[in-house]
Amino acid sequence: MKPLRALRLCLMAALLTLTGCGQEEHQETRTLKLSLEVPASHLRYSLSKRFAEEVAALSKGTLAVEIYPSAQLYDNSGAPKALAIGSLDLYVANLNLLARFEPNADLLGLPMFAGASREDVRRVLDGALGAELYAGIERRLRVKVLGAHIEAGAETLFTTGRAVRSFDDIAGLKLGMGGTLAIARYRSLGAYPITMGRADLPLALTQGQVDGLVGYDDTVRAGKLWDTGISYAFETHDGWAAYLALVSRKTWDSLNADQQAALVQGWAAMVEWGRALAAEKQDQAKAINQQNGIIYYTPTAKDIAHERTQMNALQSDLVRQRRMDQGLMEQIRHFLLANSTSVAQYDGSTP
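FYI, our numbering numbers position 79 of the sequence shown as 148, with every residue one higher than the one before it.
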């Protein structure tokens with residue numbers, strides 16, 4: 070009996086070992102779909118590609134991130150909705166484009182960020198105030214914010230036949246742009262803002278329907294807008310853009326703890342690299358624009374201070390009209406004044 074019993078025990082142990090090994094080796098890879106409305110040449114695609122590589126490694130192959138650029142799945146209005154209902158897994162979003170769903174996401178377009186530096190944006194978004202903002206986005210959109218932002222740069226004013234050397238020169242210009250806050254800012258400076266998509270800009274510039282545009286250095290570089298008459302640039306140092314990685318709450322809750330950690334750590338692993346890449350791409354775009362004849366002007370500290378004086382009264386109205394959290398926005402304004410050398414020197418008010 071003893072030999073028979075020993076044989077049975079050996080067989081059972083072998084069976085359990087084989088079963089365990091089989092389960093470990095046979096764990097299937099789950100594919101998560103990531104939507105982008107921008108093409109593969111855009112910074113957001115580069116960030117998403119690096120993120121996908123990090124996730125694949127950290128999850129030990131149990132997760133694969135599949136990227137769909139150029140709005141193959143959703144545009145920038147459809148992607149947040151798809152996340153909310155769980156029909157999309159991941160989206161790398163432009164923060165201010167989430168404002169139609171969570172008004173506070175428009176904060177970087179407010180006058181209080183006029184003259185702000187990259188470091189100022191990071192001080193706000195990487196701290197407790199940024200965490201409060203992200204918590205609101207998570208509640209409103211039913212998503213998980215995977216971590217820190219990557220700022221893409223500040224807006225610049227580009228013009229055709231008329232150079233802008235100070236904010237006073239903006240009055241009377243017809244300018245193509247997008248975004249409610251940008252329209253309000255430029256209207257207060259005497260411009261005539263025209264809401265216009267990127268695809269419509271070349272024809273509008275060529276036909277003289279607009280005198281210029283408000284956008285980013287890379288917008289002009291990518292579209293070769295010097296061929297449509299863009300000759301001058303005025304670096305307004307406002308209208309910052311920032312990118313966030315969002316995962317649907319439905320998807321998040323369906324993942325195990327290791328897979329959730331792989332997403333969070335995968336994004337965290339490439340944030341510093343992504344921030345450096347974003348700054349590098351902005352510098353490269355500016356250099357290419359200059360090589361193609363675009364002349365850049367930078368406002369003086371005095372000029373920015375004058376602009377902020379004009380804008381200070383406008384901010385409270387914008388916050389109220391946009392239904393933003395007045396308390397949170399006021400906390401951020403005071404934080405900037407207390408912690409930012411670049412903003413404080415331009416502002417006549419006190420914290």
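Here a beta-carbon is modelled for each residue, glycine too, at the ideal position from N, C-alpha and C.
Quick one, are the C-beta atoms of residue i and residue j less than 9 Å apart?
| i | j | result |
| --- | --- | --- |
| A291 | T228 | no |
| Y285 | Q351 | yes |
| G230 | G259 | no |
| G308 | L250 | yes |
| I373 | A223 | no |
| L215 | V333 | yes |
| A185 | D175 | no |
| E201 | S409 | no |
| N163 | A338 | no |
| N173 | I206 | yes |
| V190 | A314 | no |
| S257 | L383 | yes |
| M380 | P180 | yes |
| G248 | G147 | no |
For a test of the three-state rule: what should DSSP assign to residue i, helix, strand or coil?
| i | result |
| --- | --- |
| L324 | coil |
| I364 | strand |
| L215 | coil |
| K355 | helix |
| V316 | strand |
| S23 | In the structure as shown, the chain starts at 70 and stops at 420, and residue 23 therefore has no counterpart that could be examined. |
| Y285 | coil |
| P108 | coil |
| S409 | coil |
| D372 | helix |
| V431 | For residue 431 there is no data in the structure shown, the boundaries of the chain being 70 and 420. |
| Y255 | helix |
| E188 | helix |
| R49 | Residue coverage of the chain in this structure runs from 70 to 420, which leaves residue 49 outside it and unanswerable. |
| E97 | coil |
| K350 | helix |
| S128 | coil |
| G196 | coil |
| M393 | coil |
| Y143 | coil |
| A382 | helix |
Which residues share a DSSP beta bridge with residue i?
| i | result |
| --- | --- |
| I263 | G245 |
| G222 | A310 |
| S102 | Residue 102 is actually Lys in this sequence, not Ser. Answer is E135, bridged to K102. |
| Y301 | T228 and I364 |
Here's a check: name, in chain order, each residue in its chain whose Cβ is nearer than 8 Å to the Cβ of residue i, leaving out the five neighbours to either side.
| i | result |
| --- | --- |
| Q400 | L198 |
| S110 | A291 |
| Q328 | R99, S128, T131 and L132 |
| T320 | L101, G155, D158 and L159 |
| I252 | M246, P262 and T264 |
| G357 | Checking the displayed sequence, the identity of residue 357 turns out to be Ile instead of Gly. Excluding residues within five positions, the ones whose Cβ falls inside 8 Å are R290. |
| W295 | V289, N358, N361, G362 and I363 |
Taking 6 Å as the limit between beta carbons, can you name the residues of its chain near residue i, skipping five residues before and five after?
| i | result |
| --- | --- |
| A153 | L210 and R211 |
| M398 | V388 |
| L194 | H218 |
| T275 | T297 |
| L159 | L101, L103 and V316 |
| A151 | Y143 and L157 |
| V340 | A217 |
| Q390 | none |
| G335 | F120, E123, V124 and L127 |
| Y365 | A302 |
| A232 | Y301 |
Using a Cβ-based criterion (distance less than 8 Å to any ligand heavy atom), does residue i qualify as near the ligand MN?
| i | result |
| --- | --- |
| G205 | Here there are no bound small molecules, and the ligand MN is not part of this structure. |
Sorted by chain position, which residues of the same chain lie with C-beta nearer than 7 Å to residue i's C-beta, five sequence neighbours on each side aside?
| i | result |
| --- | --- |
| G56 | In the structure displayed, the chain extends from 70 to 420; residue 56 sits before or after that span and is not available. |
| Q96 | T131 |
| C90 | In this prediction, C90 has a pLDDT of 46, which is less than 50 and means its spatial position is unreliable; nothing more can be read from the coordinates. |
| A326 | none |
| P138 | L105, V107, P108, A109 and Y114 |
| S235 | P368 and D372 |
| K118 | I136 |
| F404 | V193 and L198 |
Would residue i pass as an interface residue toward chain D - the criterion being a Cβ-Cβ separation below 9 Å?
| i | result |
| --- | --- |
| L194 | Note that chain D does not occur in the displayed structure, where there is just one protein chain. |
Exercise for review: Enumerate, from N- to C-terminal direction, the unbroken alpha helix (DSSP H) stretches of 4 or more residues contained entirely within the segment 146-183.
Suggested key: Given a length threshold of 4 residues, each whole run of the alpha helix (DSSP H) inside the segment 146-183 is given here in chain order: 147-154.
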